[in-house]
Amino acid sequence: MLPGVYYKMSNLFCPKCGKETDIFYDNVCSDCFIGKKILIESPDIAYARICPACGAVFKRGKWSLKENEITTIIECVNDNLFKNKEAANLVLNLSHKQLDHSRYRVHVDAQADIRGAPIGYSKDIEVRIHWDTCETCSRISGGYFEGLVQIRADKRIPTADELRKCQEIAQDVALRSQEKGDRLAYIAKTESLDEGLDLYVGLIKLGKQICKAIIDVFGGKYSESPKLVGQKNGVDLYRITFALRLPEFVRGDIICANDKVIEVQSCGKHISGIDIETGKRFIENFNDILEMRHVGKRDNAVNAVLVSDEGKTIQVLDPETYETIVLKRPEFLSAEPGNEIKVIKTSRGLFVLP
Ligand SMILES: [Zn+2]
Ligand SMILES: [Zn+2]
Numbered sequence: 021m022l023p024g025v026y027y028k029m030s031n032l033f034c035p036k037c038g039k040e041t042d043i044f045y046d047n048v049c050s051d052c053f054i055g056k057k058i059l060i061e062s063p064d065i066a067y068a069r070i071c072p073a074c075g076a077v078f079k080r081g082k083w084s085l086k087e088n089e090i091t092t093i094i095e096c097v098n099d100n101l102f103k104n105k106e107a108a109n110l111v112l113n114l115s116h117k118q119l120d121h122s123r124y125r126v127h128v129d130a131q132a133d134i135r136g137a138p139i140g141y142s143k144d145i146e147v148r149i150h151w152d153t154c155e156t157c158s159r160i161s162g163g164y165f166e167g168l169v170q171i172r173a174d175k176r177i178p179t180a181d182e183l184r185k186c187q188e189i190a191q192d193v194a195l196r197s198q199e200k201g202d203r204l205a206y207i208a209k210t211e212s213l214d215e216g217l218d219l220y221v222g223l224i225k226l227g228k229q230i231c232k233a234i235i236d237v238f239g240g241k242y243s244e245s246p247k248l249v250g251q252k253n254g255v256d257l258y259r260i261t262f263a264l265r266l267p268e269f270v271r272g273d274i275i276c277a278n279d280k281v282i283e284v285q286s287c288g289k290h291i292s293g294i295d296i297e298t299g300k301r302f303i304e305n306f307n308d309i310l311e312m313r314h315v316g317k318r319d320n321a322v323n324a325v326l327v328s329d330e331g332k333t334i335q336v337l338d339p340e341t342y343e344t345i346v347l348k349r350p351e352f353l354s355a356e357p358g359n360e361i362k363v364i365k366t367s368r369g370l371f372v373l374p
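Numbered by the working numbering, the letters in the sequence shown go through residues 21 to 374 in order.
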């Protein structure tokens, strides 16, 4: 038994309209009970806001990611249906037809009941798309940025290869953030300078993520300095400069570290390479190395003749002075006496390169 509904035997009449009925709702027939009640109220025309540039949709007060246009249209109609709060068991049927580039007709068919009395609704609603540039697109076209990532190298100029790789990493990080829904995670502008690269980023968070991703690959460090640039709705607005420094040494550098002479293979949180005096592998935490300096580069290596190999020592002919020099035999040496080998002259003397 439904509350408020009185089931009686036949041959009873509605006291309001006189119609024969055996089900009463509040003591009248179902038609009299429903009377002027309305299941759904809705406007004739509803508006959907979509960005023509990126397809973002304005929903419930904010811009959301692009979605299927039909989904937007149906949701827009749904948001414009104001249902009678007394209604229960609502079954809604929406069918759409595109009228032109910016207009749809959506037919709404609904069935429900109010305290057991059936009530229906049927109407055509026209949805008009209001093409409106979204916040992100207007920021992008306005060159808006929140952060500046300055990519430099410590005590040297970054190489073209490093900068290319850094740019790739930055773009990758931005793309991944965008895919996760951070629509402002874009690189607004890239500026090549003599001393490095400047990346203007749409989000502060992106600047930090880019620095971390680059340091993961190359090592180095970064610092942040905020600058107050204004206010928006009473909140201070900051622009942050991220000063990123790639490490001082790169692959192929010959350095003197903790009194060993190392050809650098990689330099990040750790420096790894070959000790060219002994031929042994070298790996050390960057911060644990007390003294480090640059003594040469593999590019400056020259050919020299291996005069003799005595097992523990070798003799090499200095290509400039033609003096015979005695060196410790490095483990990696495979040349025979009489062959040419690569050597490098440094402030620490002559060394054979692997
Ligand atoms: Zn009646
Ligand atoms: Zn947009």
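Glycine residues also receive a C-beta, built at the ideal position from the N, C-alpha and C atoms.
A quick note: this is a predicted structure, and the numbers were derived from the prediction, not measured.
Asked                                                                                                                                                               : Found
Are the CB atoms of Val224 and Ile260 nearer to each other than 8 Å?                                                                                                : According to the sequence as given, residue 224 is Ile; it is not Val. Going by C-beta atoms, Ile224 is nearer than 8 Å to Ile260.
Spatial neighbours of Ile16 within its chain, please: CB distance less than 6 Å, with the 5 preceding and 5 following residues excluded, ordered by chain position. : Since the displayed the chain opens at 21 and closes at 374, residue 16 lies outside it and no answer follows.
According to DSSP, is Ala190 part of a helix, a strand, or is it coil?                                                                                              : helix
Just to confirm the assignment: which complete beta strand (DSSP E) runs, minimum length 3, are found wholly within the stretch 161 to 232?                         : 167 to 173, 207 to 213 and 216 to 221
Would you say Gly222 and Ala208 are within 8 Å of each other, going by their C-beta atoms?                                                                          : yes
Excluding sequence positions up to five away, which residues of its chain have a Cβ less than 8 Å from the Cβ of Cys231?                                            : Val169, Tyr242, Phe262 and Leu264
Classify Phe33 as buried or exposed, calling it buried when 16 or more other Cβ atoms lie within 10 Å of its own Cβ.                                                : exposed
Which of the three DSSP states is assigned to Val147 in this structure?                                                                                             : strand
Which of the three DSSP states, helix, strand or coil, is assigned to Cys157?                                                                                       : helix
Pair every Cβ in the stretch 129 to 142 with every Cβ in the stretch 171 to 184, then say whether three or more of these pairs are closer than 8 Å.                 : no
Straight-line CA distance for Asn100 to Ser50?                                                                                                                      : 28 Å
Give the straight-line distance between the Cα atoms of Gln118 and Ile93, rounded to the nearest whole angstrom.                                                    : 10 Å
Under the criterion of a Cβ to heavy atom distance below 7 Å, does Cys71 qualify as lining ligand 2?                                                                : yes
Under 7 Å from any heavy atom of ligand 1, does the C-beta of Val48 make it?                                                                                        : yes
Would you decide whether Cys287 is buried or exposed? Buried here means 16 or more other CB atoms lie within 10 Å of its CB.                                        : buried
Please report how far the alpha carbon of Met21 lies from the alpha carbon of Ile139, in whole angstroms.                                                           : Confidence at Met21 is low in this model, with a pLDDT of 49, below 50, so the placement of that residue is unreliable and no value is reported for it.
Taking DSSP as the reference, what is the three-state secondary structure of Phe306?                                                                                : helix
Decide yes or no for the touch test of the stretch 326 to 340 against the stretch 356 to 364: beta carbon pairs closer than 8 Å, at least 3 of them.                : yes
For Leu370, which residues from the same chain have a beta carbon less than 6 Å from its beta carbon, with the 5 sequence-adjacent residues on both sides left out? : Ile345 and Val363
According to DSSP, is Ile54 helix, strand or coil?                                                                                                                  : helix
So, Lys57 versus Val48, is the Cβ gap smaller than 8 Å?                                                                                                             : no
Beta-carbon within less than 7 Å of Leu204's beta-carbon, same chain only, minus the 5 sequence neighbours each way: which residues are those?                      : Thr156, Arg159, Gly222 and Leu223
Alpha carbon to alpha carbon, how far is Ala355 from Arg196?                                                                                                        : 49 Å
Between the beta-carbon of Glu268 and the beta-carbon of Asp202, is there less than 8 Å?                                                                            : no
In this structure, does DSSP put Arg271 in helix, strand or coil?                                                                                                   : coil
Just curious, the beta strand (DSSP E) that Glu89 is in, first and last residue?                                                                                    : No beta strand (DSSP E) holds Glu89; the alpha helix (DSSP H) holding it covers Glu89 to Asp99.
Which residues mark the beginning and the end of the beta strand (DSSP E) in which Thr261 is found?                                                                 : Val255 to Leu266
Nearest CA to the CA of Arg176: which residue from Asp64, Asp273 and Ala66?                                                                                         : Asp273
Tell me the DSSP secondary structure of Phe352 in three-state form.                                                                                                 : coil
Thinking just about the alpha-carbon of each residue, which of Gly331, Ala321 and Phe352 is nearest to the one in Asp338?                                           : Ala321
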